[in-house]
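Residue numbers (full-length UniProt numbering): 1 to 252. Below: one structure, written as C-alpha cells.
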Amino acid sequence: MTDDFASILSPERLQAGGSGPLYVKLRRTLEEAIRAGTLGHGDALPPERDIAEFATVSRVTVRKAIDELVADGLLVRRHGSGTFVAKPVSKVEQRLSQLTSFTEDMARRGMTSRSEWLHKGIHTPSPDEMMNLGLAADVKVSRLSRLRIADDQPLAIENASVSGEFLPDPFVVTTSLYAELERRQVRPVRAVQRISATNMKEADAHLLGVPVGAAGLSIERISYLGSGRAVEFTRSLYRGDAYDFVAELTIG
1 MTDDFASILS PERLQAGGSG PLYVKLRRTL EEAIRAGTLG HGDALPPERD
51 IAEFATVSRV TVRKAIDELV ADGLLVRRHG SGTFVAKPVS KVEQRLSQLT
101 SFTEDMARRG MTSRSEWLHK GIHTPSPDEM MNLGLAADVK VSRLSRLRIA
151 DDQPLAIENA SVSGEFLPDP FVVTTSLYAE LERRQVRPVR AVQRISATNM
201 KEADAHLLGV PVGAAGLSIE RISYLGSGRA VEFTRSLYRG DAYDFVAELT
251 IG
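Set out below in C-alpha cells:
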C-alpha cells in the first residue's frame, strides 16, 4: 500500500490535478483515488508526515486537504488509530406521503434494520409533551430513544414520547413501536411533520458516525388516531448525507 500511495501522491500526479492551491490539488487527487476505488473502504492512510513526503508538500497542506475530506465524509479519523477511507453512504429515499415505521421502511427496501436503545422510561411530561400530546400534568409519558441503523449504517437518532394511556410500559417495545401500538389498537393513521436543517453536535455526530458540524435533518412529528387524538410526539435527527425526503405534488 505504501508503493500505491507513493504513486497516487507523486508530485507529477499532483501537478496534473488542475489549478488551485496545493491543498486543493491534494484533496482532489485523494478524492479521485477514493471514487475510482484505488483507495477502498477501510484502507488506512499513511501518517501525515509520509503523505507530505510523497507529495513534496508541507504537513499543513496535508492536514487541510484531509480535514476537507473528513468533512465531506470520504475519510474518517479514529482516535489513536489513524485516518481511514470511510464506508460509502447509501442514500435512503423517504416519501413524505406515507406514515410508516422505520422498520417497515427498511424492510420494503430489502435492507436489514436494527436499533440500539439509548433510553426507555416512564416520566412526568415536559411542557412540550403536554402541549403536543394534549396531556394533563398528572398523566405519565413513555419515552423511547434509539439509534436507528440500516445495513450496519447509522441513519438517525429517534426520540419518541407516547402517552402512558396508550403505552403504559415502554419496555414491551422490542423492535417496532408502531407494531406495538397496532397490537394495542392505537396505531396512528396520520401525522404532521416539520423538517428543518441543523448541524450535528458532538454527541449526536459520534453516534451517527459523522464529523461534528455535519449537515443533519431535524424532524418533529405529531401522529394522530382517527379520532383526532395525538398518540405520538417524536423528535428525530437524520444524517443529511444519507437521507432524502421526497414529496409528490399535484395541482390542488
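Think of the CB as a built atom: it goes at the ideal place given N, C-alpha and C, for glycine as much as any other residue. Predicted, not measured: the structure shown is a model, and the values here were computed from it.
Between residue i and the rest of its own chain, which residues show a CB-CB distance below 7 Å, the 5 nearest in sequence each way excluded?
i	result
G213	N199 and M200
A40	Sequence inspection shows Gly at residue 40; the Ala mentioned does not correspond to that position. These residues qualify, in order along the chain: V85.
Q185	none
Y23	T61, K64 and A65
R27	A65, E68 and L69
Can you tell me where the alpha helix (DSSP H) with residue i in it begins and where it stops?
i	result
K25	L22 to R35
R59	R59 to A71
M54	Contrary to the premise, residue 54 reads as Phe rather than Met in this sequence. It spans E48 to A55 - the alpha helix (DSSP H) in which F54 sits, taken as one unbroken run.
Along the beta strand (DSSP E) that carries residue i, what are the first and last residues, could you check?
i	result
P11	No beta strand (DSSP E) contains P11, which is instead part of the alpha helix (DSSP H) from P11 to Q15.
T83	G82 to V85
Can you find the residues in the same chain that come closer than 8 Å, C-beta to C-beta, to residue i, ignoring five residues on each side of it along the sequence?
i	result
G134	R229 and A230
E116	R146, L147 and I149
S10	F54 and A55
L181	V162, F166, L167, R187, P188, V231 and E232
Residue i by DSSP, collapsed to three states: which one?
i	result
F245	strand
F233	strand
R184	coil
V212	coil
A136	coil
I251	coil
S7	helix
L177	helix
L207	helix
With DSSP as the reference, please indicate the residues paired to residue i in a beta bridge.
i	result
Q153	A150
L74	Paired residue(s): none; L74 is not in a bridge.
K201	None, per the DSSP bridge assignment.
Y224	R190 and A230
E116	L147
V141	H123 and S163
L45	L45 is not bridged to any residue.
E158	R146 and S236
L217	A197 and Y238
Evaluate residue i with the Cβ neighbour count: other Cβ atoms within 10 Å of its Cβ, from every protein chain shown; 16 or more gives buried, anything less gives exposed.
i	result
V210	buried
L167	buried
A160	buried
G216	buried
F102	buried
T29	buried
T112	exposed
residue 320	An answer regarding residue 320 cannot be provided, because it is not within the stretch 1 to 252 covered by the chain.
L118	exposed
T83	buried
G73	buried
G174	The sequence shown places Thr at residue 174, not Gly. When all chains shown are included, T174 counts as exposed.
Quick one: what's got a C-beta closer than 6 Å to residue i's C-beta in the same chain, skipping five residues either side?
i	result
S236	A156, E158 and I219
P46	F5
L208	P154 and R239
V57	L22
P125	L135 and V141
N132	I222 and F233
Y224	P188, R190 and A230
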